[in-house]
Amino acid sequence: MKCILFVRTVTLGCLLLIIAACGGGGDKQEEGNRFGVTSEVVTPAGNVDAMEFAPDGRLFYAEHWTGDIRVRTAQGQILPDPFAHINVAATVALGLTGLALDPDFANNHYVYVLYSELLAPGPPPDGKPVLARFTEANNVGTEMTVLINDLPKVNPERVFNANGSLNFGPDGLLYFTLGDYDRAQEAGPTGKKLPQDLGSPIGKMLRVNKADGSPAADNPFVNDPAADHRIYAYGFRGAINFTFHPQTHRLYAFDNSGVNCEGLYIVQAGGNYGWPDKRNSDCSVVDASLPIGYLARKDYKPADFDSSVGASGIEFISAKKYEVLGDSLVYCEIRTQQLHRLLLAQPNLDAITANDVIARDCWLDVTAGPDGLLYYANLTEIRKSIAPTPTPVPSPS
């Protein structure tokens, strides 16, 4: 996903100016890239919040504004007709934001989406998050089935931080995120502020069964009669992006205060991540989980006002394909339009030891392809990162 944290707070006019300033282009060497990583265009595409490869090499991608899900074949052809179209409530904060292919896609052909259902056209449009499933048949989405339709409606006058990312976990369950709806100070059903209130899904990560959207049987609050049993973790501001480590299966996610203290978190079942009243402006935390490291714009400290980078998209990559980068975590920054790699401390991968720029045109989602290469989205296209060919070491004479 996923134009979540900052793109959704600027106007379309600003976006167009930024696009013009940043430009697009074909194959290129990234400026100031000490690793020698290059990139090439895979396909033109508008505001791709989420993308994923099928086992057969097809690329499915979701366009935030249009509500279109599109397919690029394994041979590189962009199919002229969308896989599916959803009539979304589209603003900088609402739209088609999540897409995930079933782990058993090769057999059941299921494609899951998280989007803002259009309730009234506005302006501004009125909507609410919905989780649904399509069945793929010859590159067409059929049998649309709504799995979750009871999530809170978004106030059209305050549309920030609503629906966000959607991923399958290694346990075969669906995880997805809701931000604080820009209502963090409001009281929820049990009287606590909404992101801290277990009676509301707002400001939470949710974990559900893929068959029907019901709560996972071992979710941490299933025995609390006052809780929304779908909640996996809570205390988030943004509709956060997240990913799972391919070996340890730990869940990593970003969140921030909107102006500073943007952190990388290891999310655990039942964890409280502090928003809004357990995180302080100096980045200290009281009675909540700490991040394993902070992000900040150049020449800023994490606690400085306006230091946040707007992390969007997150993925692990392997040194087998990117020897110069090593086994690392990569993400986009909305505010700088940079693609970064993070090195995490061994052996527990629980601290950031390095943060480097590897590209300068990354805004939205990132994903690893079946070829092991990294694909990323900016506002106008999807690109592929290509590592330099290692220089052969001369044989001893």
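Take 267 as the starting number for the sequence shown in this note's numbering and just add one per residue.
Every residue, glycine too, gets a C-beta built ideally from N, C-alpha and C.
Euclidean distance between Cα positions of residue i and residue j
i: residue 543; j: residue 627; result: 35 Å
i: residue 344; j: residue 552; result: 50 Å
i: residue 399; j: residue 566; result: 42 Å
i: residue 633; j: residue 362; result: 17 Å
i: residue 323; j: residue 576; result: 30 Å
i: residue 647; j: residue 451; result: 37 Å
i: residue 494; j: residue 395; result: 16 Å
i: residue 416; j: residue 365; result: 19 Å
i: residue 596; j: residue 381; result: 25 Å
Residue-chain proximity (residue i, chain C), Cβ-Cβ < 8 Å
i: residue 565; result: This model lacks chain C altogether, as it is built from one protein chain only.
8 Å contact criterion, which residue i and residue j should meet: CB distance rounded
i: residue 473; j: residue 482; result: 5 Å
i: residue 496; j: residue 427; result: Not quite, the Cβ-Cβ distance comes to about 18 Å (not below 8 Å), so this is no contact.
i: residue 377; j: residue 367; result: 6 Å
i: residue 314; j: residue 630; result: 6 Å
Delimiting residues of the alpha helix (DSSP H) encompassing residue i
i: residue 371; result: 371-374
Residue i classed as buried or exposed, judged by whether at least 16 other C-beta atoms fall within 10 angstroms
i: residue 393; result: buried
i: residue 412; result: exposed
i: residue 612; result: exposed
i: residue 547; result: exposed
i: residue 564; result: exposed
i: residue 242; result: Any answer about residue 242 is impossible in this case: the structure gives the chain only from 267 up to 663.
i: residue 571; result: exposed
Beta strand (DSSP E) segment containing residue i, residue limits
i: residue 606; result: 604-610
i: residue 578; result: 577-583
i: residue 335; result: 334-338
i: residue 529; result: 528-533
i: residue 429; result: 429-434
i: residue 594; result: 594-599
i: residue 655; result: Here residue 655 belongs to no beta strand (DSSP E), and DSSP marks it neither H nor E.
i: residue 408; result: 406-414
Three-state secondary structure (DSSP) of residue i
i: residue 310; result: strand
i: residue 460; result: helix
i: residue 351; result: strand
i: residue 696; result: Residue 696 lies beyond the stretch modelled for the chain, which goes from 267 to 663, so this question has no answer here.
i: residue 628; result: coil
i: residue 441; result: strand
i: residue 649; result: strand
i: residue 588; result: coil
i: residue 618; result: strand
i: residue 545; result: strand
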